[in-house]
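Visitor: Numbering (the numbering used here), first residue to last: 828 to 989.
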Amino acid sequence: MYKCDLHSTPCFIQDGRHLQLNPSRLQLWAREIINKGTTYDIPPSYPVFDMKSSVFINKNNSATQMQNSQTSNTPTPIFIQLPSQVYQNPTNTHLELPSSSKLPSIGEFLNNLDLKYNCNNIYAKFEDAFLEEEITVNAIKDLTDEQLQKLGVVKIGWQKNI
Numbered sequence: 828m829y830k831c832d833l834h835s836t837p838c839f840i841q842d843g844r845h846l847q848l849n850p851s852r853l854q855l856w857a858r859e860i861i862n863k864g865t866t867y868d869i870p871p872s873y874p875v876f877d878m879k880s881s882v883f884i885n886k887n888n889s890a891t892q893m894q895n896s897q898t899s900n901t902p903t904p905i906f907i908q909l910p911s912q913v914y915q916n917p918t919n920t921h922l923e924l925p926s927s928s929k930l931p932s933i934g935e936f937l938n939n940l941d942l943k944y945n946c947n948n949i950y951a952k953f954e955d956a957f958l959e960e961e962i963t964v965n966a967i968k969d970l971t972d973e974q975l976q977k978l979g980v981v982k983i984g985w986q987k988n989i
C-alpha cells in the first residue's frame, strides 16, 4: 500500500508529487490490475491518475503547489458501481429489474386497494376504465383529479387512496 505520512489517504508518490488515492481511484486501479491493464507499481493511464491532479510536497513536507484538475482539458470520468445482478450475465442485451420490483397490473393494483381498505369491489370496478385509457400503474401518480373523475373515480376519498 502507498502509505503517506502527510495525508489521511494513501498516495501514489512520484517525483515529490502526491496523488491521493481515494476509493474511486483505488477501485479503478484494482479493476485494471485484475484486467491486466496495469500493475501494482504503475497506475492506470486514466485522466484521474494524471499527475496534474497531484500535490507537490517540498523538502519541508509542506504542500507548495497544487494543480487543479478542473483546469485540465480532459474531463474526469465518473464511475458508478452497479449492483451485481445488473451485470452478472454479459449475454443480456437489455436490463432486467429483479422480479421483486415488478409493478402490478391495474387489476391487481385496484384489487389490492379493495383488500387494503376492506371494500367490496369499490376500486376493482374502475379496471375497465383504466384499461380503456391505457393507464398503467406507474402513470396513476400523474393523474389529475379531473382525469380520475373521467375514469369514474368521483369521490375524494377514492382519489386519495388511489
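Quick reminder that beta carbons are idealized off the backbone N, C-alpha and C, glycines included.
The structure displayed is predicted, hence computed values, not measured ones.
I'd like to know if the region 969-983 and the region 939-946 are in contact, where contact means that at least 3 CB-CB pairs between them fall below 8 Å.
Guide: Judged by Cβ distances under 8 Å, the region 969-983 makes no contact with the region 939-946, as fewer than three pairs qualify.
Visitor: For Gln814, which of Met878, Thr865 and Leu942 has the nearest alpha-carbon?
Guide: What is shown of the chain runs 828 to 989, which leaves residue 814 out entirely.
Visitor: When you compare the CB positions of Ile989 and Leu958, do they come within less than 8 Å of one another, or not?
Guide: To locate residue 989, count along the sequence shown from 1; it is residue 162. To locate residue 958, count along the sequence shown from 1; it is residue 131. No, they are not a contact pair.
Visitor: Give me the Cα-Cα distance between Gln976 and Leu930, rounded to the nearest whole angstrom.
Guide: On the sequence shown, position 149 is the one that residue 976 refers to. On the sequence shown, position 103 is the one that residue 930 refers to. So the alpha carbons of these two residues sit roughly 24 Å apart.
Visitor: Check the DSSP bridge columns for Cys992 and list the partner residues they point to.
Guide: Here the chain covers residues 828 to 989 and nothing more, so residue 992 does not appear.
Visitor: Run the CB neighbour count on Pro850, radius 10 Å, all protein chains shown included, and call it buried at 16 or more, exposed below.
Guide: Counting from 1 along the sequence shown, the entry for residue 850 is found at position 23. The residue is exposed, with fewer than 16 neighbouring Cβ atoms inside 10 Å.
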